[in-house]
Amino acid sequence: MEKIRFYAEDQPEDVIIVGAGFAGAVCARRLAEKGRRVLVLERRDHIGGNAYDTMDASGVLVHVYGPHIYHTNDEGVHAFLSRFTDWYDYSHEVVAKIGDREMPVPFNLHSLRMMFPEDAARLEEKLVAAFGRGTKVPILELRGTGDPDLEKIADYVYENVFLHYTMKQWGKRPEEIDPATTGRVPVSVSEDDRYFTDTFQGMPKEGYTRLFERMLDHKNIRLLLGVDGTQILERMGDKTVIYTGPIDELFGECYGALAYRSLDFVFETHATDSYQSHAVINYTVSEDYTRITEFKKLTGQKVPGVTSIIKEYPRPYTDPATQIPYYAIINDENLKQYGRYVALAQKYPGLHLLGRLAEYKYYNMDAITRRALDLADEIG
Ligand code: FAD
Ligand code: UDP
């Protein structure tokens, strides 16, 4: 895309937001409602960031940048987003395909009974005694208790849920990545088959893009699509700039490119009502892809005789021209490099970094919505 020379100080608005994903759009709306005039620049030809969804050729609503399931315990976030959408009541459940069996993930007491039918009762008692019913135990904690029965469960889960999936996803073993990452899917000492246990979960009834359209529809917001804001710091004057793109790009990668993991998505449409048993099936021991998502099962959309799926193939991130940086690779070295960029950013008093790319952080949609609301409240 051709970069347009775009100077913040020439614009009538006093707030310029770069990026129209959750970070940028939520912040824009909140500031607009406080009476600030906001200009949003988005370099793609659509809003919504990676939550963007659209109808495919068969009329199935698909998530173009990978499946997005909304869940939160934050009442304020939920109340805010609910102003722009009604919700399809959906509780996310995932199974792992192991041979011809489909085992609930996160691994829970149902999984235990399925995979250890002989001594499930005894193992369950051990688990409950060690951690308590209803608890969630990260796999790295379950390993290394020293108890042979618990080790047996831990070894099974490590090998059949985490090892191969994590090798595919990150190119590294579970113990080599940020523990918070595998900690997102802890072993659950319960019979709850849901992937998330948050109070609110569901899918926007008319899709994420519609939610964003409503959120950005405000008299104090002007949106420009197809405009790259990487050079926004040149002649920004005394404007407030909220930047939600990659921080290394903002500073010409002067300290080197930050490390990311990317994904290749393969979409398929099949002439059948239903493709698989669950909205998401994780391939934890086989295949090159990590998971298959069947969109109709996520969104509840009724389209007879046809269904669309997406397969996710993790890849190293090597080419910004053709790839998207999906997952920050969190480790000490990368955070140090990120810190050098933050120090540069601090030289611009009007500049705020927001979002998964600018903050080099894994944010769920609800967490970035919270952060965007709080930042807007701080800016006032
Ligand atoms: P983004 O959505 O990436 O938006 C940034 C926007 O800024 C983009 O539109 C980009 O084009 C634009 N931009 C960047 N640089 C510039 C520039 N220089 N000029 C102009 N525009 C620019 N979260 C959940 O809660 N539930 C899920 O199920 C879930 N699933 C996910 C699945 C995958 C595969 C991935 C990768 C993430 C998932 N997430 C999920 C996380 C979710 O995608 C993020 O929380 C959300 O996208 C963060 O929003 P953001 O605005 O920070 O970033
Ligand atoms: N994970 C795994 N097996 C699974 C599910 C998750 O090994 O069946 C690990 C993997 O390392 C993954 C992390 O747990 O990156 C977090 O999983 P989550 O489903 O939260 O990943 P995301 O939806 O963010 O891609």
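Whatever position you read off the sequence shown (first residue = 1), add 1266 for this note's numbering.
A virtual CB, placed ideally from N, CA and C, is assigned to each residue, including glycine.
Relative to ligand 3, is the shortest distance from any of its heavy atoms to the C-beta of residue i smaller than 7 Å?
| i | result |
| --- | --- |
| residue 1431 | Here the bound small molecules are ligand 1 and ligand 2; ligand 3 is not part of this structure. |
Could you give the DSSP three-state label for residue i: helix, strand or coil?
| i | result |
| --- | --- |
| residue 1631 | helix |
| residue 1468 | strand |
| residue 1327 | strand |
| residue 1572 | coil |
| residue 1419 | helix |
| residue 1523 | coil |
| residue 1645 | helix |
Under DSSP, the alpha helix (DSSP H) around residue i begins and ends at which residues?
| i | result |
| --- | --- |
| residue 1370 | Per DSSP, residue 1370 belongs to no alpha helix (DSSP H); it is in the beta strand (DSSP E), 1367-1371. |
| residue 1584 | Premise fails: residue 1584 is in no alpha helix (DSSP H) and is neither H nor E. |
| residue 1513 | 1513-1516 |
| residue 1550 | Run containing residue 1550: none; DSSP gives neither H nor E here. |
| residue 1603 | 1598-1611 |
| residue 1389 | 1386-1397 |
| residue 1474 | 1474-1482 |
Using a threshold of 7 Å, is the CB atom of residue i nearer than that to any non-hydrogen atom of ligand 2?
| i | result |
| --- | --- |
| residue 1476 | no |
| residue 1654 | This structure does not reach residue 1654, given that the chain is present from 1267 up to 1646, and the question cannot be answered. |
| residue 1451 | yes |
| residue 1274 | no |
| residue 1663 | Residue 1663 is absent from the model: the chain starts at 1267 and stops at 1646. |
| residue 1306 | no |
| residue 1550 | yes |
| residue 1362 | yes |
| residue 1542 | no |
| residue 1447 | yes |
| residue 1371 | yes |
| residue 1435 | yes |
Kindly indicate the opening and closing residues of the beta strand (DSSP E) around residue i.
| i | result |
| --- | --- |
| residue 1527 | 1526-1536 |
| residue 1560 | 1557-1560 |
| residue 1618 | 1617-1619 |
| residue 1337 | 1336-1338 |
Answer yes or no: the CB of residue i versus the heavy atoms of ligand 1, is any distance below 7 Å?
| i | result |
| --- | --- |
| residue 1510 | yes |
| residue 1288 | yes |
| residue 1335 | yes |
| residue 1468 | no |
| residue 1631 | yes |
| residue 1332 | yes |
Strictly by DSSP, which residues pair up with residue i?
| i | result |
| --- | --- |
| residue 1438 | None, per the DSSP bridge assignment. |
| residue 1359 | 1460 |
| residue 1402 | 1454 |
| residue 1307 | 1284, 1490 |
| residue 1448 | DSSP lists no partner for residue 1448. |
| residue 1579 | 1530 |
| residue 1321 | 1327 |
| residue 1506 | 1281 |
| residue 1424 | Answer is none; residue 1424 lacks a bridge partner. |
| residue 1364 | 1367 |
| residue 1594 | 1526 |
Does the structure place the segment 1486-1501 close enough to the segment 1300-1309 that three or more beta carbon pairs sit under 8 Å?
yes
Segment contact, 8 Å Cβ cut-off, at least three pairs: the segment 1564-1581 with the segment 1314-1326:
yes
Pairing CB atoms from the segment 1612-1630 with CB atoms from the segment 1503-1521, are three or more of them under 8 Å?
yes
Touch test, the segment 1544-1562 against the segment 1599-1609, Cβ-Cβ under 8 Å, three pairs minimum:
no
Should the segment 1577-1592 be regarded as contacting the segment 1602-1619, the criterion being three or more beta carbon pairs within less than 8 Å?
no
Count the CB pairs spanning the segment 1271-1283 and the segment 1450-1467 that are closer than 8 Å, and state whether there are at least three.
no
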